[in-house]
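In this note's numbering, the protein residues as written are 375 to 692. For each residue, glycine too, the CB sits at the ideal point set by N, CA and C. In this text the structure is predicted, and so the values were computed from the model without any measurement.
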Ligand SMILES: NC(=O)c1ccc[n+]([C@@H]2O[C@H](COP(=O)([O-])OP(=O)(O)OC[C@H]3O[C@@H](n4cnc5c(N)ncnc54)[C@H](OP(=O)(O)O)[C@@H]3O)[C@@H](O)[C@H]2O)c1
């Protein structure tokens, strides 16, 4: 919708992997009235600072891609921080948006909000139907609170605040640190280093059987701009759900992912699966039929997205 083009859009978390992709997408689509601050300039955990920032800058639209994010180990170790930081960031942004008559919020959550043993593929309505996974429970609880804030600021005050739940993302600006990264960037780095060091094999944790879904972060950025312009709170909440899943709707095994990454990085050695290490959830796939029927679908095939990501890694990380 063209009138969004002149709106003042505040993008929280613009330096992150997701935020930087959204910023690029907004610029690519001709949005010029953009507002952003890094963590060092504005700590979103501080309510007074956030409220002053809104009063001073008067944004009209808010996209929330700021969060304390990490892998399993970080989530499990810094449990209080993951809960506190994320609750504070969301609560401050969503409440300040209400106080300042913000026209639209798109809040980003994550697929870890779903119960550990929910049926697959994960439909939006499975939220809160069973227990969460213990390791990232604090993060998931904070994200669920963010979704429920958006939903209930709509139900009580009529605010046009909505939430997107993306699947596993990958792409430029991802975290390639082997101790804290997600599976796809970790494998990219491992295979790349094995190739450079002429290693005969790469060992991967687990059996390689778990099935996972991945979405290229630039496709996610398009989905977020689409939700900002084309999806209203009514489209979501009046259909008995609280958020929209965003994914490719396609999954593959870790074995097949490893083969793709070996191909892209040019590693021709052996891939060994260490089945003494844990596998994690057997399958994690989002049901994306709702957002597809509303008009958005992923574009980038996994092999192409991995190539782009690997090229970015080669240019930026070595
Ligand atoms: N990565 C994935 O695979 C994935 C999948 C699904 C959903 N998501 C969701 O997407 C969102 C962004 O994730 P990401 O992967 O882009 O994470 P990221 O790269 O770690 O970026 C998070 C951003 O949040 C900002 N931030 C953190 N704490 C802050 C605070 N107290 N005050 C102000 N800014 C703060 C950071 O700012 P500075 O850089 O300025 O320090 C950073 O830019 C999260 O909600 C996450 O759940 C991510």
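Cutoff 6 Å; reference residue i; Cβ partners in own chain excluding five residues on either side
i: residue 641; result: 565, 568, 569
i: residue 486; result: 510, 514
i: residue 500; result: 488, 492
i: residue 681; result: 638
i: residue 629; result: 582
i: residue 597; result: 620, 670
i: residue 474; result: 428
Coil, strand or helix - residue i by DSSP
i: residue 677; result: helix
i: residue 410; result: coil
i: residue 603; result: helix
i: residue 625; result: strand
i: residue 554; result: coil
i: residue 475; result: coil
i: residue 686; result: helix
i: residue 546; result: coil
i: residue 389; result: coil
i: residue 504; result: coil
i: residue 394; result: helix
i: residue 537; result: strand
i: residue 513; result: helix
i: residue 458; result: helix
i: residue 427; result: helix
i: residue 405; result: coil
i: residue 613; result: coil
Own chain residues within Cβ distance below 8 Å of residue i, not counting five before or after
i: residue 667; result: none
i: residue 649; result: 580, 581
Length of the line joining the Cα atoms of residue i and residue j
i: residue 484; j: residue 525; result: 16 Å
i: residue 496; j: residue 503; result: 11 Å
i: residue 590; j: residue 386; result: 20 Å
i: residue 391; j: residue 587; result: 18 Å
i: residue 434; j: residue 593; result: 24 Å
i: residue 547; j: residue 438; result: 18 Å
i: residue 377; j: residue 407; result: 12 Å
i: residue 615; j: residue 538; result: 12 Å
i: residue 494; j: residue 572; result: 40 Å
i: residue 556; j: residue 549; result: 8 Å
i: residue 459; j: residue 450; result: 15 Å
i: residue 540; j: residue 635; result: 22 Å
i: residue 684; j: residue 677; result: 10 Å
i: residue 544; j: residue 421; result: 31 Å
i: residue 470; j: residue 527; result: 12 Å
i: residue 423; j: residue 651; result: 45 Å
i: residue 536; j: residue 560; result: 32 Å
i: residue 498; j: residue 431; result: 34 Å
Contact set for residue i: own chain, Cβ-Cβ below 7 Å, skip 5 residues either direction
i: residue 405; result: 379, 383
Given residue i as reference, the closest of the options once Cα atoms are compared
i: residue 400; options: 619, 600, 637; result: 600
i: residue 645; options: 663, 615, 578, 548; result: 578
i: residue 425; options: 453, 457, 455, 466; result: 466
i: residue 505; options: 498, 490, 517, 519; result: 490
i: residue 617; options: 627, 445, 482, 545; result: 482
i: residue 675; options: 655, 624, 656; result: 624
i: residue 654; options: 627, 517, 459; result: 627
i: residue 606; options: 474, 472, 534; result: 534
i: residue 633; options: 672, 553, 562, 447; result: 562
i: residue 457; options: 389, 519, 523; result: 519
i: residue 643; options: 464, 415, 576, 508; result: 576
i: residue 445; options: 413, 430, 554, 389; result: 554
Touch check for the segment 679-692 and the segment 604-611: three-plus C-beta pairs under 8 Å?
no
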